[in-house]
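A.B. asks: Numbering of the sequence shown is given in our numbering, commencing with residue 510 and proceeding in unit increments.
Okay, handing you the structure first.
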Amino acid sequence: MPHTPPSIAVSYDQPHQQAWAEAVAAQLGLPIARKFNDPHPMHLAVAEVPVGQAERLELRVVEAGHPLAGGHGVFADLPQLDTTSPAGRSLKTPLLKAVGINKRSGATRPRVLDATAGLGEDTWLLAAAGCTVTAVERHPIVHALLADALQRARLTEPDITDRITLADRTDATDALREAAETSRFDVVLIDPMFPGSPRRKTTERKPMRVLRWLVGEDADADGLLESAMKAASRRVVVKRPKHAPHLAGVEPVAVHSGKGLRFEVIPTS
């Protein structure tokens, strides 16, 4: 069955946020939510936050009775990811091992294209480990959330943020084609949206369930791997759920597993 995304409006919590909300709405071609009885089941909201925090964009399910409605909105708070504890700094994390960072590589870090960046968690972890990362996100709402997250992160972690370039919103396939022509990246990371599984329904985090409703699955996921193979000078890393089949049926040469997911390594040289 074809994916039907929810209709979305832009809302704001406080009167002083109206100008920002209107600018976001104009940029994305979305309406401003009505104050009462708005018909849109999902809002991109300029959120009220506690004193001392930077105001942010967040995604909210507001349809009455919807199982994802209420609670916290979906947003990225990248500096809250653990990059400073012994575990957070470890080079043994599955992501860092998959992109080729280890003690033998010393201070040299790969140039990475995160072609399906989403809310930027992997992008941030790679940059925190010293990689220069270009993040690509094609969905306009998710791109707006990621841009907002990086802008807020710069206030407290400018050194990490400086190693990240958020590309103008473009399709991953187009970004990979350009990368293949310029040979700028050692590693390409792809993390296509995968179909939901009934056995994961109760354990999957709410943000992922909201994003799945918004984005659907990536129907061109197999094609992304072929494009990524042409764009990476060293390797492609494919992030997959633990029980998902190999992307495009391609067997990796190495697999680094984490909780509920795995990173597959496919060399290109």
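In this text, a Cβ means the ideal position worked out from N, Cα and C, and glycines have one as well.
Here the structure is a predicted model, which means the values were calculated and not measured.
1. Does the segment 570-581 come close enough to the segment 532-552 to have 3 or more Cβ pairs within less than 8 Å?
2. Quick check on the DSSP output: the beta strand (DSSP E) that includes Ile517 runs from which residue to which?
3. According to DSSP, which residues form a beta bridge with Val774?
4. Where does His648 sit, in a helix, a strand or coil, going by DSSP?
5. DSSP beta-bridge partners for Ile699?
6. Can Val783 and Leu685 be called in contact, C-beta distance under 7 Å?
7. What span of residues does the alpha helix (DSSP H) with Val533 cover, start to end?
8. According to DSSP, is Leu590 helix, strand or coil?
9. Return helix, strand or coil for Ala757, following the three-state DSSP convention.
10. Does the pairing of the segment 675-694 with the segment 647-654 give three or more beta-carbon distances under 8 Å?
11. Whole angstroms are fine: how far does the CA of Ala616 sit from the CA of Ser599?
C.D. replies: Short version:
1. Counting C-beta pairs with one atom in each stretch, the segment 570-581 and the segment 532-552 have three or more that are closer than 8 Å, which means they touch.
2. Here the beta strand (DSSP E) through Ile517 covers 517-521.
3. Bridge partners of Val774: Val746, Ala763.
4. Coil, per DSSP.
5. Ile699 is bridged by DSSP to Val747.
6. No information on residue 783 is available, as it lies outside the stretch 510 to 778 that the chain covers here.
7. The continuous alpha helix (DSSP H) containing Val533 extends over residues 527-537.
8. DSSP, read as helix, strand or coil, puts Leu590 in coil.
9. In this structure, Ala757 counts as helix in the three-state DSSP scheme.
10. Flag = yes, the segment 675-694 and the segment 647-654 touch.
11. Approximately 14 Å between the Cα atoms of the pair.
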